[in-house]
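Asks:
Residue numbers (full-length UniProt numbering): 1 to 598.
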């Protein structure tokens, strides 16, 4: 960028004047044609006694200051009141649902507030509730309790916030009791699952205020606690690199056992894995194993281990990491920890409004757009009504049907995620039926107006006149059927069998690429299933390989034809659609003749 230059006459010409008045008159005479004037500005006196007088433009002003603008805006919002009174008034004025707790001196000790648009999201997705506190958000040192929900698109949204005087059980009881009253006033059903870290005050308050909800613990916090408490024992007193590496290997082994216990699919597997860790690491690591059992497994196994956790609808949410993300979002808007409650609320409001706008935009996008991998007929009746995240999880279940052996159905996936499992999808595919909205928990339903109804295409109405006519049919389907019957016997089966035998003798059989196979099925090149005279079945591995080999050979043949044509006439003009279709028809007839043995 070029540096800005000033004209030569940007300042009055230098000169000698008899008096200050003559100087001021001369420079104003010079400035008048230029549209401004000089005034006497700030004057000062040097140490030698010489007086220095500064003349400034009459349009001079200080540059704008963001901090002063914020202070001016804050004064206007306060309307002459204190910031705490302005805080209370603005909550009511802007429609925030709020409650305050005062002590005997009318001093605020806690305040809870919720945006009206957050309540609309809560009404649509009330099943999950995350609770966690963040700190250093205000100059009073009051912790900020975040109450977070999850929508159908697996996006976090802020239900409410509460500035508390502390983190005692009474503080949490006050906040969660007001939150429960909010559910009742808005006629919102209570959450089915509440997720917290191991804050006993918060856990006890949640059980008292929401007795019908299932309380789960954050698995990430449990992993970090075990890591922090147990790992130093394995590496602290190890001398030498080999001893240190051996201690680290022992720790990784016991930590993997901890993870396997957390993933126990049933109570029997849980007991076996606990006995295994006791057998292998007692009495050498009695303190570490005792810590794991006494602090986590014995009191909280129903809140951590998959065998118990998957009995409840948590929809895949077993950690509170999304709450940590909300903490980071708020801190990015707060910027400092010396704000009063009014300023902290204003910054929180801006973060909240941005989040709500993004949530609405994301839901609108998912209502209108469908990813290509979810465009099959299985999802035809629920497009635009169920979130993409739910459909992708169902698609993962559908891909399990491609495996040779499907595990026995335990119902854990449907109970924990509220989605149809692979066994349900198998039954639907055998009946050639699509998924319906009833197969999905309401947690996964998108927010849209109207009532969902299953609508199918109309049945084909037969033409009675054509049925009783003796004239030859002009319907394209009848013509194609006649042509098919008149064609000679093909040798496609012989070609197919030869490819299968060649593949079985080849050493490249193990190089089968499941990604390419999935693509040729998803793109409907082969069709989802193989239709035979005896019924519908899955494609075999050999059939998929044969199709991929044929597709590759066909691509190479077409490319060779194009290269030969370009070599014959490299300067040919662009062909029209008629030429392209005519060439394709000739090529198709030639290929049919080859495969028919003619």
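Just so it is clear, CB atoms sit at the ideal spot from N, CA and C, and this is done for glycine as well.
(1) Is the Cβ-Cβ distance between residue 28 and residue 341 less than 8 Å?
(2) Tell whether a beta-carbon distance below 8 Å holds between residue 625 and residue 112.
(3) Does DSSP put residue 147 in a helix, in a strand, or in coil?
(4) Can you list, in chain order, the stretches of the alpha helix (DSSP H) that have 4 or more residues and sit fully within the region 78-126?
(5) Using a 10 Å radius around the Cβ and a threshold of 16 neighbouring Cβ atoms, would you call residue 348 buried or exposed?
(6) For residue 562, count neighbouring Cβ atoms within 10 angstroms of its own Cβ and tell me buried if that reaches 16, exposed if not.
(7) Could you tell me the boundaries of the beta strand (DSSP E) in which residue 208 lies?
(8) Does the beta-carbon distance from residue 188 to residue 231 come in below 8 Å?
(9) Where residue 262 and residue 298 are concerned, what is the direct C-alpha to C-alpha distance, given to the nearest angstrom?
(10) Kindly list the residues whose CB is nearer than 8 Å to the CB of residue 582, restricted to its own chain and excluding five residues on each side of it in sequence; keep chain order.
(11) Measure from the alpha carbon of residue 408 to the alpha carbon of each residue in 399, 421 and 417, then state which is nearest.
(12) Identify, in the order they occur along the chain, each residue of the same chain with its Cβ nearer than 6 Å to the Cβ of residue 308, setting aside the five sequence neighbours on each side.
(13) Residue 352 to residue 333, Cα distance in whole Å?
(14) Hey, how far is the Cα of residue 37 from the Cα of residue 102?
(15) According to the neighbour-count rule (16 or more other Cβ atoms, all chains shown, within 10 Å of its Cβ), is residue 388 buried or exposed?
(16) Find out if the Cβ-Cβ distance for the pair residue 164, residue 147 is shorter than 8 Å.
(17) By a C-beta neighbour count over all protein chains shown, 10 Å radius and 16 as the cutoff for buried, is residue 131 buried or exposed?
(18) Which partner residues does residue 186 have in the DSSP bridge list?
(19) Quick check on residue 92: buried or exposed, where buried means 16 or more other Cβ atoms within 10 Å of its Cβ?
(20) Is the beta carbon of residue 395 closer than 8 Å to that of residue 373?
(21) Considering only the beta carbon of each residue, do residue 419 and residue 413 sit closer than 8 Å?
(22) Quick check on the burial criterion: 16 or more other C-beta atoms within 10 angstroms. Buried or exposed for residue 16?
(23) Determine, using beta carbons only, whether residue 314 and residue 216 come nearer to each other than 8 Å.
(24) Taking 7 Å as the cut-off, does the CB of residue 27 come closer than this to any heavy atom belonging to the ligand NAD?
(25) What residues in its chain sit with their C-beta under 7 Å from that of residue 366, if we drop five residues either side in the sequence?
(26) Assign residue 291 to one of three DSSP states: helix, strand, or coil.
(27) Counting pairs of Cβ atoms below 8 Å between the region 249-262 and the region 272-290, do you hit three or more?
(28) Am I right that residue 127 and residue 191 are in contact with their C-beta atoms under 8 Å? What's the rounded C-beta distance?
(29) Is residue 445 helix, strand or coil when you go by DSSP?
(30) Can you tell me which of 355, 325 and 434 puts its alpha carbon nearest to the alpha carbon of residue 377?
(31) Measuring straight from C-alpha to C-alpha, what distance separates residue 415 and residue 547?
(32) Using a Cβ-Cβ cut-off of 8 Å (strictly less than) and excluding sequence neighbours within five positions of residue 20, which residues of its own chain qualify?
Replies: The relevant details are as follows:
(1) no
(2) Since the first residue shown for the chain is 1 and the last is 598, residue 625 is missing from the structure and cannot be characterised.
(3) strand
(4) 83-93 and 116-124
(5) buried
(6) exposed
(7) Residue 208 -> not in any beta strand (DSSP E); alpha helix (DSSP H) instead, spanning 200-209.
(8) no
(9) 13 Å
(10) none
(11) 421
(12) 302
(13) 10 Å
(14) 59 Å
(15) buried
(16) no
(17) buried
(18) BP columns for residue 186 are empty, so no partner.
(19) exposed
(20) yes
(21) yes
(22) exposed
(23) yes
(24) This structure does not include the ligand NAD; it has no bound ligands of any sort.
(25) 153, 387, 388 and 446
(26) helix
(27) yes
(28) 6 Å
(29) strand
(30) 434
(31) 39 Å
(32) 53
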